[in-house]
Amino acid sequence: MTLKKYFPIIISSPSGAGKSSVCDAVLRKCKDVEYSVSYTTRPIRGSEVDGVDYHFVSEDEFKNMIEQDEFLEWAEYLGYYYGTSRKTIQENLLKNKFVILDIETKGALKFMRNMPEALSIFLFPPSMKELERRLRSRKTDAHEVIETRLSNARHEIADSWHYDRFFINDDIEKVSDKIIEIIYKKSEGKDIYG
Ligand code: 5GP
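Just add 21 to the spot in the sequence shown (first one is 1) and you have my numbering.
Shown next, in the form of structure tokens:
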């Protein structure tokens, strides 16, 4: 197999629809893919590790990075800033790696404008009821945060038509296999809709 080109892969979905599990499965199965560690001003959560899950920075540091044009995209989500480092993306592509981004839709749309060669994938939850069940079972968020996530989910789903492909995330293994298949198809210049 000849890989002809490397590009970023954007994965978006409403929060709770399983995009981090799908990204983890793609990373586990495909050694040509690296993870884009985002910058965020939100506090560290649970077992997260600084520099692995996110680069946790202060609001001043984040705003300084915006001024220095260090982000390919950034967005505000539930009162915190999140951004994708230009350097992280460029370094991975230069190493001949695909780089996968787990980001929300507003930032994703900016990213698509800045890097139209990116492959963009939207993951739907099997149903809104199932999404609500998953969010409540996580037990990491307060009741109001869950309500906001559910309302954001409706807006994010409205942005889904901007993406190259979408999948219903009802089986992480199958969905991640499908994503890997289309990454290689695109890399080889083949039709990703077949
Ligand atoms: P969480 O706080 O639950 O880790 O993430 C909240 C949301 O921010 C998720 O939808 C996640 O995909 C998104 N997100 C994480 N990193 C970035 C980023 O660099 N840019 C943007 N636009 N969204 C991000």
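We treat Cβ as the ideally placed atom computed from N, Cα and C, and that holds for glycine.
As the structure is a prediction and not an experimental result, all values here were calculated from the model.
Assigned exposure category for Glu69 - 16 Cβ within 10 Å defines buried:
exposed
Rounded straight-line distance, which links the Cα of Pro146 to that of Ile189:
6 Å
Taking 7 Å as the cut-off, is the beta-carbon of Gly128 closer than that to any non-hydrogen atom of the ligand 5GP?
yes
Measuring only the C-alpha atoms, how far is Ser41 from Asp123?
7 Å
If you draw a straight line from the C-alpha of Lys84 to the C-alpha of Lys211, how long is it?
40 Å
Could you give the C-beta distance for Ala174 and Leu152, rounded to a whole number, given that I count them as a contact under 8 Å?
6 Å
Are the CB atoms of Val43 and Ile30 within a distance shorter than 8 Å?
no
Opposite Ala129 in the DSSP bridges: which residues?
Ala129 pairs with nothing; no bridge assigned.
Quick check for students: name the residue ranges of the beta strand (DSSP E) that lie wholly in the stretch 129–155, counting only runs of 3 or more.
140–145
I'd like the span of the alpha helix (DSSP H) that includes Ser33, first residue to last.
No alpha helix (DSSP H) holds Ser33; the beta strand (DSSP E) holding it covers Pro29 to Ser33.
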